[in-house]
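In the UniProt record's numbering, the protein residues as written are 1 to 93. No residue lacks a Cβ here, since even glycine has one placed at the ideal position from N, Cα and C. A quick write-up on the structure given underneath.
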Amino acid sequence: GATWDSDRVCLSNTREALLDNIWQWIKHPDDSDGARIFCLTGVAGSGKSAIAHTVAQRCSEEGLLASSFFFSRDVAERNNPGKLLSTMARDLA
1 GATWDSDRVC LSNTREALLD NIWQWIKHPD DSDGARIFCL TGVAGSGKSA
51 IAHTVAQRCS EEGLLASSFF FSRDVAERNN PGKLLSTMAR DLA
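Quick look at the structure:
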């Protein structure tokens, strides 16, 4: 599916500082100067997807994940913006 994948999370003990910063932003939204969107950027192959899968997994484990969708160039049904909206609608219903 298009949801987070435990096989794609960060390796143990890697990216801990960044993951902690993201987790603090999630758990304490009032401390983030009003920022409601976390923009994770980086060059291709820098681990953005692994970080996103890790954050989604942790949110799921903590009961904080309402929905997730991971686009993929290689899978037609995951390369369609319409699928994002229908997946979110299904998950939030």
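What three-state label does DSSP hand D74 in the structure shown? coil
Is R65 helix, strand or coil by DSSP? Position check: residue 65 holds Leu in this sequence, whereas Arg was assumed. Coil.
Are the region 32–44 and the region 2–13 touching, with three or more C-beta to C-beta distances below 8 Å? no
Would you grab the beta carbon distance between I37 and C59 for me? Rounded to a whole angstrom, and I think it's under 8 Å. Actually they are not in contact, since the Cβ atoms of I37 and C59 sit about 15 Å apart, beyond 8 Å.
Under 7 Å, do F69 and L84 count as touching if we go by C-beta distance? yes
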